[in-house]
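Here the structure comes first, spelled out in structure tokens, and everything after it is commentary.
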Amino acid sequence: MANFVMTAVSRNKKTGPIPVVTSSRDTCPTSCAFLNNGCYAEHGPLRLHWDKVSNGEAVNLLSFDQLLAAIRKLPRDQVWRYGQAGDLPNNHDQIRALAKANGGRKAIVYTHHRFYGVFNEIRSLGFNVNLSANDINEADELVKTGLPVVTVVDESFSKRPDESLRAFRDRIGGRLSFGTPGGNRVALCPASYLDTNCMLCRACAFPRAGGTIIGFPAHGTRKRRLSEKLSMSGELRVWERRRLPVENYSSA
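All residue numbers for the sequence shown refer to the numbering used here, where the first residue is 957 and numbers rise by one.
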């Protein structure tokens, strides 16, 4: 049985000070290529927290029904993140229950589950689940489902701390987005090059015009290993072959 913890105010710089939910490891599907193989949540302070949630030792541990009650208590216009570690329940009815409890709040959700039918169904409730691709090629395939898609990209697509925005853009070819082999567009997560966060951006909480894929540069203590895997797949230099102009990628 899965365990959950809702942190009322996250201290994660990328999310900003919003509620975040951590779910136990048993929610993660084996189809995730990063499971025990480069997942950012497997290292640092988040790993320690995730261990306690998964082992049932965390403070303020919640059952699934208690999690639903906590979600219902959030302000109606609240931005919140589901799954800073872990994934959605491996149960269609529970996923529907999450969407109903959310009640149209601005939930930011990513998943490696491939329950396309139920994910399309709950969009009518304002619960937009982003499919997490293992690489650019899988992202091209996932876009065909009509659901929002995100993918990991090489760490070089993240602005360095001592780098100006202009220098960063010059280094990656002048654009903050790039084309995929399948003709789709990847827009880099704004938090990878601007002083912003999920609370302010909110793009992942809404459907995206034109099926734009959001790219997250590899991060965490094993980002180099992950980038090496992406480079071997030929993803590293995709932007040199096919670049597209930047547009607003949120329909919100």
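The beta carbon of each residue, even a glycine, is placed where N, CA and C say it ideally should be.
Between the alpha carbons of residue i and residue j, how many angstroms are there, rounded?
i	j	result
G972	A1014	22 Å
Y1149	F1172	11 Å
E998	L1018	21 Å
G1190	V1142	Any reading at G1190 must be qualified, since the residue scores a pLDDT of 46, below 50, and its modelled position is unreliable; the value itself is stated next. So the alpha carbons of these two residues sit roughly 15 Å apart.
D1043	F960	10 Å
G927	V1105	Outside the shown range of the chain (957 to 1208) lies residue 927, about which nothing can therefore be said.
C988	P1031	32 Å
K1100	I1169	12 Å
S1112	N1076	33 Å
A1147	L1024	29 Å
A1123	N1016	45 Å
L1081	Y1072	15 Å
D1007	Q1022	20 Å
What residue does the beta strand (DSSP E) around residue i start on, and which one ends it?
i	result
A1041	V1035 to A1041
M962	F960 to T963
F1113	First-last for F1113: undefined, no H or E at that position.
Quick one, which of the options has its alpha-carbon nearest residue i's?
i	options	result
P985	A958, T1152, V977 and A964	A958
D1110	A1123, H1068, L1030 and I1092	I1092
A1293	R1003, I1027 and N1046	The structure shown does not extend to residue 1293, since the chain is modelled only from 957 through 1208, so no value can be given for it.
K970	F1162, D1151, A1174 and I1170	D1151
S1114	V977, R1131, L1024 and G1012	R1131
I1084	N1046, A1041, W1036 and F1124	Contrary to the premise, residue 1084 reads as Asn rather than Ile in this sequence. It is W1036.
P1045	K1062, R1061, D1118 and T978	T978
H1068	L1098, G1059 and G1082	L1098
L1156	G1000, D1033, T983 and N993	D1033
C1154	T963, R1116 and P975	P975
M1057	F1020, S1088 and L1144	Note that residue 1057 is Ala in the sequence shown, not Met. For A1057, the nearest C-alpha among the options comes from F1020.
S966	S1010, G1039 and G1138	G1039
Q1050	V1074, A1095 and N1140	V1074
Starting from residue i and walking both ways along the alpha helix (DSSP H), at which residues does that stretch end?
i	result
A1089	Run containing A1089: none in the alpha helix (DSSP H); it sits in the beta strand (DSSP E), V1085 to A1089.
F990	Taken as a continuous stretch (DSSP letters only), F990 belongs to no alpha helix (DSSP H), as it is neither H nor E.
L1081	Looking at the DSSP string, L1081 is not in any alpha helix (DSSP H), and its letter there is neither H nor E.
C1154	C1154 to C1157
Provide the residue(s) that pair with residue i in DSSP beta bridges, ordered along the chain.
i	result
T1107	A1089 and G1171
T978	V961 and A1041
L1144	G1171
S1120	None; S1120 has no bridge partner.
G1135	R1141
* Which parts of the segment 1000-1074 are runs of the alpha helix (DSSP H), unbroken and 4 residues or longer, counting only runs that do not cross its ends? -> Runs of the alpha helix (DSSP H) inside the segment 1000-1074: 1000-1011, 1020-1028 and 1048-1058.
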